[in-house]
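Notes follow the structure.
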Amino acid sequence: MIRVSVAVETPQYAGLAPCLDYLSEQPLSPGTLVRVPLGQREVPGLVWDADPEAPPCDDHLLKPVAQVLQALPPLGPAWRQLVDFSARYYQRAVGEIALAVLPPELRRLESDGLDRRLAKLARRAPPDAQAPTPERPALSPGQQAVLTTLLPACRGEAPPATHLLHGVTGSGKTEVYLRCAEAALDAGRQALVLVPEINLTPQLEARFAQRFPGRRLVTLHSGLTPAQRLQHWLMAHLGQADLVLGTRLAVFCPLPRLGLVVVDEEHDPSYKQQDGARYSARDLAVYRGHAERVPVLLGSATPSLESWLHAQSGRYTLLSLPERIGQGELPRVTLLDMTQQPKPPAGREAPPLAAPLLQAMRQRVERGEQTLLFLNRRGFAPVLGCSACGWKSGCPHCSAWRVFHKRDRSLRCHHCGFADRVPRACPDCGNLDIEPIGRGTERLEEQVAELLHDIERPGGGAVRVARIDADSTRLKGSLEAQLAAVHAGEVDVLVGTQMVTKGHDFRRVTLVAAVNPDGALFTSDFRAPERLFATLMQAAGRAGRDAEAASRSEMWIQTWNPGHALFAALRAHDFAAFASSQLAEREMAGLPPYSHLALLRCEARDPAVAEAFLRAARDAARALMPPELADELVVYSPVAPHVAKVAGFERRQMLLEARSRARLQWLLAQWSPQLGPLRAAHKGLARWAVDVDPLDI
DNA sequence: AGCACGCCGACT
DNA sequence: GTCGGCGTGCTC
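Residue numbers for the first sequence follow my numbering, so the first one is 11 and each next one is one higher.
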C-alpha cells in the first residue's frame, strides 16, 4: 500500500492538516479525483502533491482510498498551482477551494456515473471545421493599433503580458476580444472569457458563436443545470471546448491549452466572491495568465483604480480605444441642479423628476424614442414612517429599515429577507396615516406614468412605462422577455436599477437620466465615488448606441451637488482626470491601491462575544509584529460595520493595513492559523472569516 | 462543515 | 416511556 495526500473539503479552521493522508493500492498521480472515507461519510477528494515537510505518521492509522475515478484525466499542475496560490493568498484550506470550484455534479458522481458522462461526451459530433468564417467588420484605426500590440502575444509569438484595454462603451472592445480569441484559437489554444454577470453571457455568447461557427464554445456559470455545468466543464478540461465564456467561477476552469484570458468590465465588483473563499476572479485571472505564460486582457470603460495604477506604473500595458466607432458620439451630460428647482408647497413632496427633465422626456415620447431612468433602489419606498409618533419600518432582526413593496403590500428586509404584510395603521400609536419616505423604482414607475399621463404617443394611446429590477425579473426568462419588449419599442420610459445599466444595447434610448445618484457621494465607503462614476458612465453608455440617434442622445443627472468634481469629470467623459484625482485622495489617505487591506469579520448573537474575539485576534496580530514594521503594517481595533446586525447576529470587523502586499501576506500567514484555536476560547461566536482585499470596509 | 454522541422537555 | 432539541468534539 502506498501513501497518498488527498485534498478534501474541510474548512481551514477545522484544525486538520491542509491535506489528509490515505493508502492506495496503486500510485495515484496528483490531480486524480478520488472518494475517501472521512469520519462517518465518504467524501470526494483530489490527490494532491505531497508536502515534503509533513510530519511522518504511522501508516496503520491511515484508511484506504475508497474509490479512484480513473476515467477523469487528473487536474494538471497549472490548475493545482492556481488552487494552491488561491488557498494561500485568501487564507483558506486547499481542499476547500479545490473541491468548491469543481462542478457540484462531479463531486457527487461515483465511477460508473462519470464513465457514462464521459462516454456520452465522446459520442458528440465534432464541430463543423469546414464552417465558413463569417465576414468580420472592418477595424477602426484605434482597434488596429491596439491589435498590433495584442495579436503577437495572442498567437504565442511574443512574451505574454497583462493588458488594460480602456475604451468607452461602443468603442469596439468586444471586436478586440474577438480578434484576440481568433488569434489564440488559430494558434491551437483555448480562450477564457470572463464576464461579471450571468445576465451578460447570452449576448456575448451569441457574438462569439456567430464569429466562430467552426469552434466549440461553452459557457460556465451558476445558472446552468448541474448536468450542463458538468458537461461544459468536462469539455473544457478534456480540451474539446475552444472557448469558455463564464462568470467568476470560470476562472478556475481547467484548460489544458489555455492561450488567452479576457476579463470584460474588469472593474465590476461582481468579480469578488462575497462568501466562502473570498477570491477576486479578476486578480486570479491576472495571476493565472502570469503563471501559465499567456496574455491577459482586462477591458473596461472605467477601470478599477487598482488596474489603472498598474497601467500607469507600466506593470500592465495600457491600450486605449479613444472613440466610439461609427459616427456615434458619447451622449452630452447635463447636470440638473436640484437646489434651484421650485420648492413644493408646504407639506407636499417634491416631484421625482424636475420640470426640464420631464420636458426632455416628453420630447422623446413625441419622437418615438425611449428614456431610461436609473434609480438604484428597488421597492416602492425604502422606509415607511408614522407622521404622528415617528415610528419607522425597522427590521426586528437587523439594524436596517424594511422596504415597502407595494405590489404585494409587504415590508421586506433586504438584508435578511424577513417580510410580512404592511400594517394598516401605525403599530405603535394606531395612526392610520403611515406614509412612504423616499422613493424606489416601483414608486418612480407609478409616478412617471402619472406625470406623463396627459401626453399622447404618436401611434396613439398612453405613455408606456416599464420597470426592470431584481423584483420584476425574479421569474426565469422574465428579464429576456422585458428586454425584448424594450427592443421592440413597446416601452417609452424604462425605469431600472443597476441591472439595466450593464451591457444591454438599447438602440432606441436617446435619453438616460440618473434620478438620485447623490447618496454615493457622502458615504463612508471610500470606493463609493469610484463605483458611482463607473455606474453613471455605464448608464450614459446606454444612450445613443444607434449611430443615427447618437447626436440627439443625452444623459441627465439630477443632483443637489452640481459642483462635485465627479460630475465635472463625467460631463467631460474624462476618466483619466477622475482617476487621477481619486488616486491622489487615496494616496493621501493611505488607502488602496496604495495600501493593502485584509479584514477579519465575525458575527455572534451577543455583540460582546464578537468584540472580545476580535480584540483577542487584534492582540495576537500586534504580538506578531516586529516594532520596526510599525509604519508598514497597521492593526486596527474592532469596529461595527455599516449594517451592524443582520438576521439577529451582531457583526463586527477589524482591519489590517499594509504598505505592501508581501507584508500583508507575511502577517496573514502567521496570524490566520491562530484564529481557529482562538475561536474555541470564545463561546457563542457564530461565524468568522478573513477577507483579503475586501471591497467593502 | 457534517455527523456523531449526549443529556433534558412534549408527544404516541 | 420515546422523539428530538442543539451543545461539544472528531474527522487521515
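For each residue, glycine too, the CB sits at the ideal point set by N, CA and C.
Nothing here was measured: the structure is a model prediction, and the numbers come from that model.
Closest by CA to residue i, which one among the options?
| i | options | result |
| --- | --- | --- |
| residue 721 | 304, 195 and 178 | For residue 721 there is no data in the structure shown, the boundaries of the chain being 11 and 707. |
| residue 589 | 537, 326, 288 and 415 | 537 |
| residue 567 | 356, 362, 204 and 133 | 362 |
| residue 447 | 416, 487 and 391 | 391 |
| residue 652 | 116, 358, 625 and 408 | 408 |
| residue 343 | 426, 670 and 583 | 583 |
| residue 145 | 291, 189, 606 and 368 | 189 |
| residue 47 | 30, 58 and 35 | 30 |
| residue 493 | 516, 508 and 484 | 516 |
| residue 100 | 626, 41 and 283 | 283 |
| residue 671 | 249, 89 and 293 | 293 |
| residue 357 | 460, 397, 22 and 662 | 397 |
| residue 417 | 456, 428, 439 and 440 | 456 |
| residue 115 | 69, 171 and 54 | 54 |
| residue 608 | 369, 214 and 667 | 667 |
| residue 76 | 156, 85, 36 and 103 | 36 |
| residue 406 | 620, 176, 657 and 562 | 657 |
| residue 712 | 45, 318 and 690 | Residue 712 is absent from the model: the chain starts at 11 and stops at 707. |
| residue 402 | 383, 437 and 425 | 437 |
| residue 136 | 488, 227, 354 and 554 | 227 |
| residue 449 | 527, 123 and 503 | 527 |
| residue 121 | 685, 542, 83 and 174 | 83 |
| residue 371 | 638, 502, 595 and 513 | 502 |
| residue 112 | 32, 239 and 698 | 239 |
| residue 596 | 321, 466, 359 and 539 | 539 |
| residue 270 | 681, 133 and 161 | 161 |
| residue 660 | 634, 697, 635 and 631 | 697 |
| residue 297 | 94, 574 and 663 | 94 |
| residue 518 | 497, 512, 529 and 691 | 497 |
Assign residue i to buried or exposed, taking buried as 16 or more other Cβ atoms, counted over all protein chains shown, within 10 Å of its Cβ.
| i | result |
| --- | --- |
| residue 570 | exposed |
| residue 11 | exposed |
| residue 369 | exposed |
| residue 192 | buried |
| residue 350 | exposed |
| residue 156 | buried |
| residue 71 | exposed |
| residue 286 | exposed |
| residue 300 | exposed |
| residue 43 | buried |
| residue 563 | buried |
| residue 123 | exposed |
Provide the residue(s) that pair with residue i in DSSP beta bridges, ordered along the chain.
| i | result |
| --- | --- |
| residue 463 | Answer by DSSP bridge pairing: none, since residue 463 is not bridged. |
| residue 32 | 14 |
| residue 200 | 268 |
| residue 384 | 506 and 524 |
| residue 284 | DSSP output for residue 284 lists no bridge partner at all. |
| residue 391 | 414 |
| residue 476 | 504 |
| residue 47 | 52 |
How many angstroms separate the CA atom of residue i from the CA atom of residue j?
| i | j | result |
| --- | --- | --- |
| residue 505 | residue 97 | 42 Å |
| residue 642 | residue 673 | 8 Å |
| residue 81 | residue 378 | 60 Å |
| residue 414 | residue 524 | 22 Å |
| residue 704 | residue 669 | 16 Å |
| residue 24 | residue 60 | 20 Å |
| residue 381 | residue 235 | 36 Å |
| residue 39 | residue 231 | 29 Å |
| residue 16 | residue 677 | 27 Å |
| residue 74 | residue 618 | 45 Å |
| residue 627 | residue 552 | 47 Å |
| residue 462 | residue 469 | 16 Å |
| residue 508 | residue 386 | 6 Å |
| residue 216 | residue 172 | 26 Å |
| residue 558 | residue 199 | 39 Å |
| residue 489 | residue 90 | 38 Å |
| residue 245 | residue 261 | 15 Å |
| residue 197 | residue 211 | 25 Å |
| residue 177 | residue 689 | 47 Å |
message: For the segment 544 to 559 against the segment 324 to 333, do three or more pairs of beta-carbon atoms, one drawn from each stretch, fall closer than 8 Å, so that the two count as touching?
response: no
query: Below 8 Å, can you find three or more Cβ-Cβ pairs linking the segment 340 to 360 to the segment 198 to 206?
result: Taking 8 Å as the limit for Cβ pairs, the verdict is that the segment 198 to 206 does not touch the segment 340 to 360.
- prompt: Should the segment 213 to 224 be regarded as contacting the segment 300 to 316, the criterion being three or more beta carbon pairs within less than 8 Å?
  reply: no
- prompt: Any contact of the segment 264 to 272 with the segment 239 to 249, i.e. 3+ C-beta pairs under 8 Å?
  reply: yes
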